[in-house]
Each structure stands twice: as structure tokens, then as C-alpha cells.
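So the sequence lines, in the order shown, correspond to chains U and R.
Residue numbers in the first sequence follow my numbering, run continuously in steps of one, and reach 422 at the last position.
Residue numbers in the second sequence follow my numbering, run continuously in steps of one, and reach 422 at the last position.
Encoded as C-alpha cells, the structure appears first; notes follow it.
Protein chains: 2
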Amino acid sequence: MLKFDEEKQRNGINGALALRDRINEVADRICEEGYRNICWLGIGGTYASCMQTLVHMNEFTEIDTFVENAAEYCATGNRRIGKGSIVIISSVTGSTEEMVRGVEKAQEAGAKVFGFIDVETAALAQMVDYEIAYPANEQLKFFMAADRFMFNKREFPEYNRFYEEMDAHLASALIEAEKEADEFGREFAKKHKDDAIHYFVGAGNQWGAAYSYAMCYWEEQHWIRTKSIHAAEFFHGMLEIVERDTPVTVFVGEDSQRELAERVAKFLPRICGNYTVIDTKDYALTGFSEEFRGYISHLVMRAVTQRIDVYIEQLNCHPMEIRRYYRRLDY
Amino acid sequence: MLKFDEEKQRNGINGALALRDRINEVADRICEEGYRNICWLGIGGTYASCMQTLVHMNEFTEIDTFVENAAEYCATGNRRIGKGSIVIISSVTGSTEEMVRGVEKAQEAGAKVFGFIDVETAALAQMVDYEIAYPANEQLKFFMAADRFMFNKREFPEYNRFYEEMDAHLASALIEAEKEADEFGREFAKKHKDDAIHYFVGAGNQWGAAYSYAMCYWEEQHWIRTKSIHAAEFFHGMLEIVERDTPVTVFVGEDSQRELAERVAKFLPRICGNYTVIDTKDYALTGFSEEFRGYISHLVMRAVTQRIDVYIEQLNCHPMEIRRYYRRLDY
């Protein structure tokens, strides 16, 4: 399989899952000391992961928790971030300008910052109050933290059962999903590599997936135009520009908002002949109970879209690591 | 001027401003009785207005206040909406399916609903706990409510001075803005009526403006493709697909997030030869103090974009009231 290193994938995921003890140590300490609210602070791709975590928590929790965009926070502020606030962040480089300023501002306001900064020596890693350094797997880290906070509040009683399945089966389930998706990924890439624009629709944890896949992969890395739209909003405007040949892909997950994406998926065939439905239900996820499949739907979708990416990269002769402007120009 | 009825505009705005006593009566009663949090519940265009109200409040308030999308709320729920919650909504038709179900759900959870339902006899108008019926001017109604809640909490001390200026000058300021924008609107429409896709960028209260203008006007009413992107997010992916001929319009307002939009506006000339900056600062807004201009930036932008709309409608021979699918098909 093109650009697929099973061993590396497995170790990456299992290594992230193994952070759980350290995450719990931090979360348990915070819970013991008490906190007022939890802010998920991000920008770009990490902002999308924040949104995914929030929609997961919204299902279960009464914790006062919200998402902030780092640049917006720097400009407008947010008086709910202050003493007693826990700000949770993630950063690959640890140097994103808006994040550095956002963390400074939050700490000045009295908040404590819990950071997953991949590079232990980076600026952000030095600044945060609690730091756990491990590469990639951002959503997994966020969800592990969120689930622990909810578990400690007795809002997520399935915690132990769920993480038993995660530890035992997640790596294999995602690796198998990639294998199952490979042929689809190749065909999809062939069909859509020249699209003038491609629409991605999602809801629940698939909204962050659609948002970041469209923006951080197709736009940023493949230089293909996209629009992402929440399935809830699709019927309130965007539907009118969908015609026979409009390329639309619906991400259908298995969390609480599955029905919203299904509604779009059921409607599209009536007005469009160029749509695709990617449904996480089609993937085996061996070892996972029915009730837990929704919690990892966004990870399954990423396994699938990864297979699309490698083929678009190859077919379009466009290495995914090049950028036209990002960090190439000052702005 | 094409499709411009000054008298009607003036009466519409002044009539909306005159609702303030009734809005305050409701808000003051709620504040007296006490409340736990305020949820702005919307979908589509009203969701955008909710986001505009929230970003305005975030500047000033410690009130626990948040935005919910009605369809997402119906699917996922939100345990923070319950006894002590005030849910604020607006609806033109009073029959939008997701809103009706959302209001039912919130009330079942123990929340009180404060509705601006244009049609007093509509389903939603009958359901809400507090109802004020008056056509259009949704953002104005939301901001009047928000400002009163903040004033009552001593977080918006400029309330009286601000609304003196609003009552005295808003209608004229917006009418004059439309006149000032007319020639620009015609030229913009001529230049962009055939765009394959048009990008709209905004921040602060201009984010909701860009989001809803792109989706509810260009997509829904002109059937032209768009993507809206928050200025904070522009630099985290989307920038890579902007080239010389990409049509990009930046909405620059005068609220706390002006700097975020300015950053995009300053960057674009380096990489794009087909961009437009619409800056509310270019409009006189006679009678308004400098400090208050930002609070009405989104209304000024709507005055400007209204002039674009009438010319696109005329040039494209596409009446804005027709829909291909919305409320024409069951879905």
C-alpha cells in the first residue's frame, strides 16, 4: 500500500494511548484542586479538534466548557477565562504565534494551561502549567483528557470499559480501516483530483473532521479549493448551489449527530450525480462495542481520508509538504 | 436608486428601535427573577446573528452565554440548557422545523424562551414564554436584548449614551450608507456576477456577516458559489488556494476584531489581483461617536451588501425570491 507503514501507525497510536496515566494524573489533580470551567483553545486544525471535543462533551456533561479561537481570544478577550479556568491546547510546532499570545493572555488572566506540545523544547512547552509531549494524535489526547474530566464528575461511567477497548483494539481497528479504505481512496482521488471545488459536509465529530480535512489537507496541502459546511446548515442556503455535477462528499459518523449527516446523504441523490458518502459504519472496527463506535468515528474518517491523500498527492504530482505562502512569507 | 425605499427603511429601523421598552421589560423581569445562563439558539441566518451577538458580548460580559445550533441541539442535546436558562431566538416565518423542535426541547428541559417571532400567529410565537413580534431587524433585536442583560449586570455602562445615538441617528446613518455604497455595489456586481466561486472573509461581528451573506444571499438567493472563512482561520489553510485571479472580499468592521480582518486585507495585495476590501470605516455614520461605530459595523455592512444584491439580481436576471429546493422539496 502506498505510503503506509503499519508498524509506525501502530506504535504511534499505542504510544498516544499510553499517555493516559499521565493525562489522568494532571486531570485528577486539577479536579481535586477544583476548577471553574474548561476552555479548548485552538486555531486552524487544532481549532477543529477543539470543536470535536466539545461536541463529544456536550452529549454528557454539565461542565462549563467551551471552545475559543486563539486569534479571536487575543483580539476580543473572553472574561470567562480567568482564575479557575483550565485552558487546554495542543500544538505540533509549539511556536504558532496566535497560540503563544493566547496562552500568555490566559495565564495573565489567572487561568492554568494544560498543553499537549509535541516538541518539549518549544516556546509553548516552556510556558504551559502542565505539559505532555508526544507527537501527533491530537484528537486522541483531547478526548482522553475530556473523558477523564467527565469520568471524575461521574458523567462518563463507561470510562473504564471504553478505554479497555481502546487500548486493546484502536490501533488495529484504524490500521484495518486504512486497508479497507485503500481501494476507495484511490478511486476517489482519481475521480476528484481535478475538481474546481469540492464540498465536504459533516456533523458531530465529523464537522471538525470535514472542516479540517477541507482546509488543512485539500486547501493547504493539495491546493484544491473546498468548502466545508455543517450538515445542520446545509439545508439553510448551500443546498441551492448543488447541481448534477457538483462534487459533494458527506462524512457520516456514528455519534449523536449521525442523523444530521444522514439527512444530507439521503437528499443528495435527488439533485446531484456527483456525490460521495463516506460512512464510518462500513468499517469493521473489530473489538469495539456498538455503543463506542461513535466516539472514534472521527479517527476512522481520518484513516479513510489518509488513503485519499496519498493518491491525490501521487496523481497530482504535488508533494503534501510544500506550501506556497504559509511560513514562507511574513504576514 | 434601484429597489430603494428610503421611507420604508427608516420606518423599519425606527420601529425596531422602538421595541426597546418592551425588550427591557422582558429582560429586566428575567434579571429580577434570576437566571443561570443565556443561550442564543439559531439555524442558518439566525445562527449567524447568534454568533454576532456572542462576539459582541464576549467583549464585555461574564454572563455564562453561548450559541447553539438548533439542529445540533436537537440531535446532541446540551445539558447546560435547563432550569434557569434563557434561550433567545428569532424567526421570520415562525415555523422552521429545527427551531420548533429546539424550543420544545429547551422548554422540556426547564428553560424559558424569549422569542422575536415576526409573525404573531406562527407556531413558534405561540410556544415561547416571552414574545415580541416585529418584522426583520433580527440583529438589532438581539443586540438590544444582549445590551440590556449586560447593562443590568453593570457591564455595559455606556448603554444610555449608546442608545441615545441609536435612536437619533441609526436610521439615517444606514440609509446614507446605502446611498454612499450604491455606485460601489453596481461596480462590484458587474465585476463579480459570473464568479465561479467567491470568497468572503470576516472577523468579529463581520464573521456572522460574511457567513450569512455568502450562504443566505449569494448561495441561496443568487445561486452563486461561495466560501466564507473567518479571518482568524484564513492563514491556517485557505490562503494556499488564493492566486492572482481568485475573487476574495474582506469585510472589515470596527469592533474588537478589526485587526484580524486588516491582517488579511494587508496580505492579499501580495498574492491576489482580484480582491476587494469593504471597510465600514469608509462610511460617515453621522451622529455616531467613534467608540460606538464598532457596535453597528455589521449593520453598516448589510447596508453595503444590499446595494450589491439589487444589482446582481438585475444583471443576472435572477429574482432573489426564487428557490430551487428550499421549501420546494421534502427532505
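All C-beta atoms, glycine included, are put in the ideal place defined by N, C-alpha and C.
(1) With residue 364 (chain U) and residue 335 (chain U) assumed to form a contact (beta carbons below 8 Å), what rounded beta-carbon distance in angstroms separates them?
(2) Whose Cβ in chain U lies nearer than 7 Å to the Cβ of residue 198 (chain R)?
(3) Please compile the residues from chain U whose C-beta is within a distance smaller than 9 Å of the C-beta of residue 155 (chain R).
(4) Cα separation between residue 139 (chain R) and residue 92 (chain U)?
(5) Give the residues of chain R in contact with residue 435 (chain U), contact being defined as C-beta atoms less than 7 Å apart.
(6) For residue 106 (chain R), which residues from the same chain have a beta carbon less than 7 Å from its beta carbon, with the 5 sequence-adjacent residues on both sides left out?
(7) Looking at C-alpha atoms only, which residue of R:271, R:119 and R:216 is the closest neighbour of residue 241 (chain R)?
(8) Using beta carbons (cut-off 8 Å, strictly below), is residue 175 (chain R) in contact with chain U?
(9) Beta-carbon separation of residue 416 (chain U) and residue 362 (chain R) under 8 Å?
(10) Going by the DSSP bridge assignment, what does residue 314 (chain U) pair with across the sheet?
(11) Enumerate in chain order the residues of its own chain whose CB-to-CB distance from residue 300 (chain U) is below 6 Å, with the five nearest sequence positions on each side excluded.
(12) Work out the CA separation of residue 136 (chain R) and residue 319 (chain R) for me, nearest whole Å.
(13) Going along chain R, which residues have a C-beta under 8 Å from residue 230 (chain U)?
(14) Could you tell me which of R:327, R:311, R:332 and R:306 sits nearest to residue 315 (chain U), measuring between CA atoms?
(15) In terms of alpha-carbon separation, which member of R:160, R:161 and R:131 lies closest to residue 154 (chain R)?
(16) With DSSP as the reference, label residue 47 (chain U) as helix, strand or coil.
(17) Kindly indicate which residue of R:126, R:163 and R:180 has the alpha-carbon position closest to the one of residue 144 (chain R).
(18) So which residues of chain R does residue 330 (chain U) contact, with C-beta pairs closer than 7 Å?
(19) Which of the three DSSP states is assigned to residue 370 (chain R) in this structure?
(20) Just mark residue 217 (chain U) as buried or exposed, buried being the case when its beta carbon has 16 or more other beta carbons within 10 Å.
(21) With a threshold of 6 Å on Cβ separation, who are the neighbours of residue 182 (chain R) within its own chain once the five nearest residues in sequence on each side are excluded?
(22) Looking at the strands, I want to know which residues DSSP matches up with residue 133 (chain R).
(23) Quick check on residue 125 (chain U): does DSSP put it in helix, strand or coil?
(24) Taking the alpha-carbon positions, what's the residue 194 (chain R) to residue 414 (chain U) distance?
(25) Against chain R, with Cβ distances strictly below 8 Å, would residue 372 (chain U) count as a contact?
(26) By Cβ distance, which residues of its chain are closer than 6 Å to residue 156 (chain U), with the 5 residues on each side in sequence left out?
(27) Check the Cβ-Cβ distances between residue 269 (chain U) and every residue of chain R, and say whether any is below 8 Å.
(28) What does residue 141 (chain R) reach in chain U if we use C-beta pairs closer than 9 Å?
(29) Going by alpha carbons, who is nearest to residue 235 (chain R) out of R:111, R:253 and R:345?
(30) Considering residue 379 (chain U), what are the terminal residues of the alpha helix (DSSP H) in which it resides?
(31) So with Cβ pairs under 8 Å, would you call residue 383 (chain U) a contact of chain R?
(32) Between which two residues does the beta strand (DSSP E) carrying residue 172 (chain U) extend?
(33) When the Cα of residue 162 (chain R) is compared with those of U:295, U:160 and U:109, which residue comes out closest?
(34) State whether the region 267 to 277 of chain U contacts the region 345 to 358 of chain U, with contact taken as three or more CB pairs (one from each stretch) at a distance under 8 Å.
(35) Using the Cβ count rule (16 or more neighbours within 10 Å means buried), how would you classify residue 201 (chain R)?
(36) For residue 321 (chain R), which of helix, strand or coil comes out of DSSP?
Walking through what the data contain:
(1) Yes, residue 364 (chain U) and residue 335 (chain U) are in contact; Cβ-Cβ is about 5 Å, under 8 Å.
(2) Chain U residues near residue 198 (chain R): none, gap ~19 Å exceeds 7 Å.
(3) Within chain U, 128, 155 and 171 have C-beta atoms less than 9 Å from the C-beta of residue 155 (chain R), given in sequence order.
(4) Looking at the two C-alpha atoms, the distance is approximately 44 Å.
(5) Because residue 435 (chain U) is not part of the residues shown, which for chain U are 92 to 422, the question remains open.
(6) Within the same chain, residue 106 (chain R) has close Cβ partners 225.
(7) The shortest C-alpha separation from residue 241 (chain R) is found at R:119.
(8) Under the 8 Å criterion on CB atoms, residue 175 (chain R) is classed as non-interfacial with respect to chain U.
(9) The Cβ atoms of residue 416 (chain U) and residue 362 (chain R) lie closer than 8 Å to each other.
(10) Answer by DSSP bridge pairing: none, since residue 314 (chain U) is not bridged.
(11) These residues qualify, in order along the chain: 293, 342, 389 and 392.
(12) Each residue's alpha carbon lies about 13 Å from the other.
(13) Chain R residues near residue 230 (chain U): none, gap ~17 Å exceeds 8 Å.
(14) If we check each option's Cα against that of residue 315 (chain U), R:332 comes out closest.
(15) Nearest of R:160, R:161 and R:131 to residue 154 (chain R), Cα basis: R:131.
(16) Because chain U here runs from 92 to 422, residue 47 (chain U) falls outside it and cannot be looked at.
(17) Nearest of R:126, R:163 and R:180 to residue 144 (chain R), Cα basis: R:180.
(18) From the beta-carbon of residue 330 (chain U), the residues of chain R found nearer than 7 Å are 416 and 417.
(19) It is a strand residue.
(20) Residue 217 (chain U) comes out exposed.
(21) Take residue 182 (chain R), set aside five residues on each side of it, and the residues of its chain with a beta-carbon closer than 6 Å to its own are 190, 208 and 215, in chain order.
(22) Paired residue(s): R:160.
(23) In the structure shown, residue 125 (chain U) falls within a coil segment according to DSSP collapsed to helix, strand and coil.
(24) Each residue's alpha carbon lies about 46 Å from the other.
(25) Chain R contact via Cβ: absent.
(26) Same-chain partners within the cutoff: 129 and 148.
(27) No, residue 269 (chain U) does not count as interfacial toward chain R.
(28) Result: empty, since nearest Cβ-Cβ is about 12 Å, beyond 9 Å.
(29) Checking every option, the nearest Cα to that of residue 235 (chain R) belongs to R:111.
(30) Residue 379 (chain U) -> no alpha helix (DSSP H), and no H or E assigned at all.
(31) Judged by the 8 Å Cβ criterion, residue 383 (chain U) is not in contact with chain R.
(32) For residue 172 (chain U), there is no enclosing beta strand (DSSP E), as DSSP marks it with neither H nor E.
(33) Ranking the options by Cα distance to residue 162 (chain R), first place goes to U:295.
(34) Remark: fewer than three beta-carbon pairs, one from each stretch, lie closer than 8 Å, so the region 267 to 277 of chain U and the region 345 to 358 of chain U are not flagged as touching.
(35) Under this definition residue 201 (chain R) is an exposed residue.
(36) Judged by DSSP in its simplified three-state form, residue 321 (chain R) adopts strand.
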